[in-house]
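Reviewing the structure listed below.
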Amino acid sequence: MTRIGFLGVGHLAQEIIDGLLRSGQPASELILSSRGYGPKLAARHGIDLATDNLQLVAAADIVLLATRPRDAVAAVAGLGWRSGQILISACAGVQLKELRAAAAPAEVVRIMPLTASSLGASPTTLYPDLPELRPLLGRLGSVIPLSHEAEFETATVSAAIYGWAQMLIGLGSDWSVAHGMQPDAARRLAAETFVAAGRMIAERPETGEALLQSLVTPGGITECGLKVLAAEGVEAGWNRACDAVLAKLTDGAPVDRGA
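Position in the sequence shown (from 1) plus 30 gives the number in our numbering.
As structure tokens, this is what we get:
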């Protein structure tokens, strides 16, 4: 039996744990640190609770680190890591070299899951790629292995885009309600429209540009709205927001997911 420990049990870890259990991962294979949501989740699901992080690392084969990024390196230091263990960091902006120094001789990888892990719907990035982790991470959704750490930082911007997409869905839903739709129907329509657009791009062979152009009938409603968005500078603003997040991720300071 492979035991999976959670060092740091905040909101993201809770969603991951819910996703693992939802997928059929036995609760007996998990062990939680005793801070944050650890005691609550242990009591709710019958998961073992470590007395401290030393015991957690001693008991686990794989440890998922989900502390606040600024606390990550200190949290893993001095815990008696051993060869053959895997430390999976979900801490944005914390470099492999820092974690490897603190958790030697364990193997260290980085992931960036989304809270949709609880639904089995997270596109989870992974670097470096360890094929033996794919079945575990696949319980949370799709696994996207990356080729180098700089690519991982770029991909981590999507964790911010995930929140922006929820904001846009909310704007669409609120606008529809203001123009006469019932709230439940408006929320479902706005959300499922984004799901549908994402699936088309993810599952069809055409480029995203080609798919968009197939929708832009001259004089039609899609073209009408795109002209307004272009005039308002939406694309430039979007790119500036992405650039700002990437700069925050790569300036050497750990990044809090909610910051």
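For every residue, glycine included, the Cβ atom is placed at its ideal position computed from N, Cα and C.
- Under DSSP, glycine 49 takes part in no beta bridge, so it has no partner.
- By the criterion of at least three beta-carbon pairs nearer than 8 angstroms, the segment 162-172 is not in contact with the segment 191-199.
- Pairwise C-beta distances place the segment 38-46 in contact with the segment 64-77, as three or more of them are shorter than 8 angstroms.
- DSSP places isoleucine 141 within a strand segment (E or B) once states are collapsed to three.
- As DSSP reads the structure, valine 173 sits in a beta bridge with Thr154.
- With contacts defined as CB atoms closer than 9 angstroms, isoleucine 116 and valine 87 fail to qualify as a contacting pair.
- In this structure, the CA atom of leucine 242 is about 13 angstroms from the CA atom of glycine 250.
- Note on geometry: alpha-carbon atoms of aspartate 281 and leucine 62 lie some 32 angstroms from one another.
- Arginine 229 has its alpha-carbon roughly 11 angstroms from the corresponding atom of glycine 238.
- Each residue's CA atom was taken as its position, placing threonine 223 and alanine 80 some 43 angstroms apart.
- The shortest C-alpha to C-alpha distance from serine 152 to any of Arg218, Met142, Pro235 is the one to Met142.
- Taking a C-beta distance under 9 angstroms as the contact criterion, serine 119 and valine 138 qualify as a contact pair.
- Counting C-beta pairs closer than 8 angstroms gives fewer than three between the segment 252-259 and the segment 98-114, which falls short of the contact rule.
- Scanning the segment 52-98 for uninterrupted alpha helix (DSSP H) segments of 4 residues or longer gives 68-75, 83-89, listed from N- to C-terminal end.
- In the DSSP secondary-structure assignment, serine 119 is bridged to Leu95, Arg140.
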